[in-house]
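According to my numbering, the residues represented by the sequence shown are 2 to 330, in order.
In this text, a Cβ means the ideal position worked out from N, Cα and C, and glycines have one as well.
Predicted, not measured: the structure shown is a model, and the values here were computed from it.
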Amino acid sequence: MMRIEARDVIVAVGASRTTSSGLGRQPAGCRRRFHGRWLVPGGMRVRVGIEVLAACVLLVVALLGCKASPSKAVATSNAGSGIGTPSSATTAASRSGPATAPAVPSTEREPEALRFVALNTGGATDDEPLPWIVGLHGLGDRPESFAGLFRQLPFRVHVYVPRAPLPYGSGADWFGVRVGGDVDQLTAAMQRATSQVARLVRDLGKRRQNVGKAIVTGFSQGGMLSFALGVRHPEIVRASLPIGGWLPPPFVAASGLTSAQRQLGPIRAFHGEQDNRVPLAPTLVIVQELSRLGFDVEIRRYRGLGHSISPQLRNDWLAALEQILSAPP
């Protein structure tokens, strides 16, 4: 029986922008100092005087032509380029030297926009108006490999798989804090990551080919973010399908949603009973609490399954996707 482990979610089976940077080109600086010495031997006063006069004229002309023009910041975006290949403006700036960043009045800078892999399934084309999915990879994974979970979907949809912002081995990390560590630090890290992904989802939702709200799904850390988006941002999420995910209790307590908002999108979770990385028991507690608060939430449990995606889990996940896609967006 095939099993996909946490870092090998490759089965046979899109502020925002992939990148956004302020680029400016500084004109080459003009040197205004006169280098060298003048030697004036006897009998050459007239010649030297002419040379001095000519040099002064040239110096004045050089000074007038050396007036620096202010650099202009050029905002570039390659939002339609999938993984985020460098734009032409970025490439030109890298050839001409370092750019001058615009002044930021605050000590805090806006987080980098997330890069992502984009793909179409079921024979769909880029500009075809269709439902859309945001897939969130786990710790140490990369969007290029996690995209394999979606490549053979039998539905015509657009899929966007963003890359986590923090490096982790050969892959990436969403939080920088591990499950089982300080819960307050994890909650704060999840809030930052959730805001970043929510900004990306809002930007992708403005594309005319993306119909309705996003279906959000993910594994491990991506499953936690899928939970988080369904709880904190139901206004931009059509449904959440977390796999092997969990939420810290303080994150749930601070949701601040009305009862009507809690009914905006269903949450359908999937979890292995033998998961020792993101244990099932705390997830069950969170699901019960979300249900008590009025969220439309369900969880499927898989006997003998650890922190991975089994064929049965994947089949159930596909069935949930099909049910969601068959309903009006």
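According to the DSSP assignment, L326 belongs to the alpha helix (DSSP H) that extends over 312–327. DSSP places G273 inside the beta strand (DSSP E), whose first and last residues are 268–273. Note on geometry: alpha-carbon atoms of L265 and P235 lie some 6 Å from one another. Sequence-distant Cβ neighbours of Q313 in its own chain, meaning closer than 7 Å and more than five residues away, are Y303. Rounded to the nearest whole angstrom, the CA to CA distance from P166 to G223 is 13 Å. For F117 and P283, the gap between their C-alpha atoms comes out near 31 Å. In the DSSP secondary-structure assignment, V162 is bridged to V118. The alpha-carbon of L281 is positioned some 22 Å away from that of F147. Apart from sequence neighbours up to five positions away, the residues of its chain that approach T188 with a beta-carbon distance below 7 Å are P249, P251, F252, ordered along the chain. Taking 9 Å as the cut-off, the Cβ atoms of D142 and G177 do not count as close. Taking the C-beta atoms as reference points, G245 is found nearer than 9 Å to H272.
Here DSSP, grouped into helix, strand and coil, assigns E236 to helix. Here the alpha carbons of N277 and I287 stand approximately 17 Å from one another. By DSSP's assignment, I244 forms a beta bridge with F220, F271. Rounded to the nearest whole angstrom, the C-alpha separation of V212 and V238 is 12 Å. The count of Cβ pairs closer than 8 Å, one atom from the region 319–330 and one from the region 196–216, reaches three, so the stretches are in contact.
When the Cα atoms are used, G123 and G136 turn out to be separated by approximately 17 Å.
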